[in-house]
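Counting along the sequence shown from 1, when you hit position 67 you're at 89 in the working numbering, and nothing is skipped either side. Backbone N, C-alpha and C define an ideal beta-carbon position, used for all residues, glycine too. Keep in mind the model is a prediction, meaning the values are calculated, not measured. A short write-up of the structure that comes next.
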Amino acid sequence: MPLNDFALLFYNDILSLYFFSSAFVLIDILSRASKEDYMSDKKYELIEGTTNADWPYRIRALRSFTDYVSCINIKAGDLGGCIQSERNLSQEGSCWVHQDATIYDEARVSGDAHVAGQSVIRDCAQVSGNARIYGSVYVSDHAEVYDFALLRDNA
């Protein structure tokens, strides 16, 4: 193989390696941007010291969003109810725990569900879809409230 052909082959290999490594750098940059975008797109934050000692966190909206089913607007800065940890309320969808409601243990609110009033969701209960819970409702154990279910008053 003549020297010029070898130099050209070597140059092409380096160029391929450069493009290959550049693709990894680009993928790394994009994956970091996606993580940062996800983290900055959080719906709420946990605030300490705004509840009694039994419930460690109250939620505060970080961005405005609307639940179009029940026409409820949550504005950035609005205070919500009490949760034990971030696993109790999804950061996705328009689900929300309103002012006096409490979610704890392994219970979870997700989708576009809303829990309001003096309602308590606990144990491993799940509230999801477009479910609405208002008033003094107590949901516990392995109960599931989903789709367009409505529980209200003293259920």
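Item to complete: Please name the residue in S141, S132, S112 whose C-alpha comes closest to that of V173.
Response: Note that residue 173 is Leu in the sequence shown here, rather than Val. Ranking S141, S132, S112 by Cα distance to L173 puts S141 first.
Worksheet entry | Between the CA atoms of H136 and D100 - distance to the nearest angstrom | 15 angstroms
Worksheet item: According to DSSP, is V47 helix, strand or coil?
Response: The pLDDT assigned to V47 is 44, lower than 50, so where the model puts this residue is not dependable; a value taken from the coordinates is nonetheless given after this. Note: V47 maps to helix in three-state DSSP.
Fill in: Simplified DSSP assignment, three categories, for R109
helix
Discussion item. Helix, strand or coil for D89? Go by DSSP, reduced to three states.
Written reply: strand
Discussion item. Just to confirm my understanding: we take S162, look at its own chain, exclude 5 residues before and 5 after, and list those with CB closer than 7 angstroms. What are they?
Written reply: Result list for S162: R144, D145, A147, in chain order.
Worksheet entry | Limits of the unbroken beta strand (DSSP E) element including Y79 | 79-83
Discussion item. Between I96 and A83, how many whole angstroms is the CB-CB distance? I'm expecting something under 8 angstroms.
Written reply: 5 angstroms
Fill in: Buried/exposed call for D134, threshold 16 Cβ in 10 Å
buried
Item to complete: Report buried or exposed for Y90, applying the criterion of at least 16 other Cβ atoms within 10 angstroms of its Cβ.
Response: Under this definition Y90 is an exposed residue.
Practice prompt. Since I believe L68 is in contact with E108 (beta carbons under 8 angstroms), could you give me their beta-carbon distance rounded to a whole number of angstroms?
Written response: The beta-carbon separation of E108 and L68, rounded to 6 angstroms, stays under the 8 angstroms limit for a contact.
Fill in: C-beta contact flag for C104 and R80 at 9 angstroms
yes
Worksheet entry | DSSP-derived helix/strand/coil call for H136 | Assigned with DSSP and collapsed to three states, H136 falls in strand.
Item to complete: Per DSSP, which residues does Q148 bridge with? Please list them.
Response: R130, E166
Practice prompt. Determine the burial state of K92: buried for a count of at least 16 other Cβ atoms within 10 Å of its Cβ, exposed for fewer.
Written response: Note that residue 92 is Ser in the sequence shown, not Lys. Around the C-beta of S92, fewer than 16 other C-beta atoms lie within 10 Å, and the residue is accordingly described as exposed.
Discussion item. So, at 6 angstroms on beta carbons, what are the nonlocal neighbours of Q106 in its own chain, with the 5 sequence-adjacent residues on each side left out?
Written reply: Y126
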